[in-house]
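In what follows, a single structure is set out as structure tokens and then discussed.
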Amino acid sequence: KLITNLTQSDALEDQHRGLYNTKASDQQQLYLVQDETDGKWYRAVREAEESGPYCRMHYVDIGCRRRANVQNIYRLDSLSLGLRSYPPQAIRMRMYELPGCADPQVLSRLRAFLKPAVPAMAKVFSMASAILPLVKLYVHVSDREAGNNILVCVNEAIKIEKELEMGSERISLSPRVGFGEDGGPGSVNNSGSDTTTVSQSTGTSYSMSSSDGKELASRFDALHLSKGAADAKKNTTPTTTAAGSKAIAKLAKITLPAVGQVFNVKVTIANNPKFFFVQPYAYLEQLDTLMRELQDFCMTKAQPVRKDQVRPGEAYAAVNNLGHWYRALVVNINPFGPTPIHAYFCDFGQVQQLDAGALRVLPAEFRVLPQQAIKAKLYGVKPLHHDWTISDAMRFKELTADCNFASIVRSIQPDELNPQEQLIELELIDVSGEDDIVLHKILVDEGRAVYAAEAHTV
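In terms of the UniProt record's numbering, the sequence shown has 1 at position 1, counting the first letter as 1, and numbering is strictly consecutive.
What follows is the structure, given as structure tokens:
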């Protein structure tokens, strides 16, 4: 609006046209530029002079670079103090743990996810320099079967798609080599059609047609990983350690409280009101003790696990990218790519891609405490529109992440994304202050949600 008001006034006179005289500080000087392509006005800094009366300009509010004629460039210092002082709106960032972004295929996938005007969330994981953040980007992607939107990490989705493409290429190049149940060579049935069937280390088979890559890329990876986890958990018999010395029991799931009971919890991961993770508050002290002992054990005594010893559904100690050790279940194994193991940190709810070098044998003494992460959804409300927005998700995370609540168990139901898993519906109540605060009422009061039919509105 400031730019529009300025350009529609009589302020753009010839005496303000052209470059600043002091070129030493030119990179810090702002200009107002009329773009020759669309005729619109943009704030910009000069990056370099080009042949003839042209300069390469960087548009600071949208992030692109354009070639501009000096006749269309005005010195902003002389025109508007407000526009000169207003912070640049484009923030330069780099994708975290996603190499090869300049590759045409990766670039096309980024553009498919990050279309103009599509809202996205950026989470900073590190800094490449003092002013260049390394981020993971999250967008909502439509799930056609479920009829709703899913929050997808763009970095992880593209990495998984690249691994699938690599695997498909290797299958077509080596049509007679597969992976059997023992991790050794198996068989592949290649009939010469567009579909190749591969027997994986999970003991199941999957088919990959030429169109599957595009279909898989449009889906959240958890939809597929969860199936592997459910199948693996059907086997409840004791398993043998990587060292082969003795059988160790499976890592048990926690027993959920009955409907109507008060259940004190800590929220660990808050995606949105429809899906988040909690830990039972009563076990937090035991979990803290286990975590301290696990760090010491893994740094000193833990046995490594060879790649051919990794089994889906089995529990291991796993290290995350920050160097902390957790109890983890192997959800799925993709034999191709640098990080073939999809691990679920069963006490906190995260899913991460790892290689076998990040795993250690988990002894029996670290398997006594049941899995602490519990899938949950918020009771009492539904989104104001069709689905929860990114703004709603961020607000819910602000209200709940890493916070303790008293809650009432309103129902226990199958997880929509994985019906073999249970999801607990909770009425979250903040009892830390003088007055109890019912969380779903905050979302209604802020205009983010409406009460569900079963909710208490008083």
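All C-beta atoms, glycine included, are put in the ideal place defined by N, C-alpha and C. Model, not experiment: these values are computed from the prediction.
According to DSSP, residues forming a beta bridge with residue i
i	result
A376	F276, I424
F405	V265
P419	Paired residue(s): none; P419 is not in a bridge.
F345	A328
M127	P133
S411	E425
V33	Y42, I73
L354	I341
A122	L137
R17	Y74
residue 461	Outside the displayed span of the chain (1 to 458) sits residue 461, for which this structure offers no information.
D308	Per DSSP, none; premise fails for D308.
I333	I341
A270	F276
Q303	Partner(s): none; Q303 has no beta bridge.
D430	I437
Pair within 8 Å by beta-carbon distance, residue i and residue j
i	j	result
L137	V154	yes
V409	V259	yes
L359	Y316	yes
Q34	D77	no
P363	A252	no
Y20	M57	no
R448	L384	yes
D430	I437	yes
Q105	D61	no
A318	A343	yes
A271	L151	Looking at the sequence shown, residue 271 is not Ala but Asn. Cβ distance < 8 Å, so N271 and L151 count as in contact.
L428	Q372	no
I254	Q350	no
V381	A302	no
R17	I73	yes
L2	G82	yes
I158	L98	yes
R311	V330	yes
M93	P133	yes
I374	F277	yes
F366	R327	yes
L426	A376	yes
L290	W325	no
residue 529	L322	The displayed coordinates of the chain run from 1 to 458. Any statement about residue 529 would go beyond what the structure contains.
D308	N149	no
Range of the contiguous alpha helix (DSSP H) that encloses residue i
i	result
R111	104 to 113
L251	Careful: L251 lies outside any alpha helix (DSSP H) and carries neither H nor E.
K397	390 to 400
V444	439 to 445
Terminal residues of the beta strand (DSSP E) in which residue i lies
i	result
A364	Per DSSP, A364 belongs to no beta strand (DSSP E) and is neither H nor E.
K382	381 to 383
L287	It is not in any beta strand (DSSP E) - L287 instead sits in the alpha helix (DSSP H) that spans 284 to 300.
V319	315 to 319
A449	449 to 451
Supposed contact pair residue j and residue i - C-beta distance, whole angstroms, cut 8 Å
i	j	result
V265	F405	6 Å
L399	I442	7 Å
R67	Y54	5 Å
L6	S85	14 Å between Cβ atoms; not a contact.
V139	A120	5 Å
E36	N69	7 Å
Q422	L256	7 Å
N332	Q352	Contact doesn't hold; Cβ gap of about 12 Å is too wide.
Beta carbon proximity, residue i to chain B, threshold 8 Å
i	result
M57	The structure shown contains no chain B; it holds only a single protein chain.
Exercise for the section: Counting only runs of 3+ residues fully inside the region 39 to 97, write out the beta strand (DSSP E) ranges in chain order. Expected result: 41 to 49, 54 to 59, 65 to 69, 73 to 75
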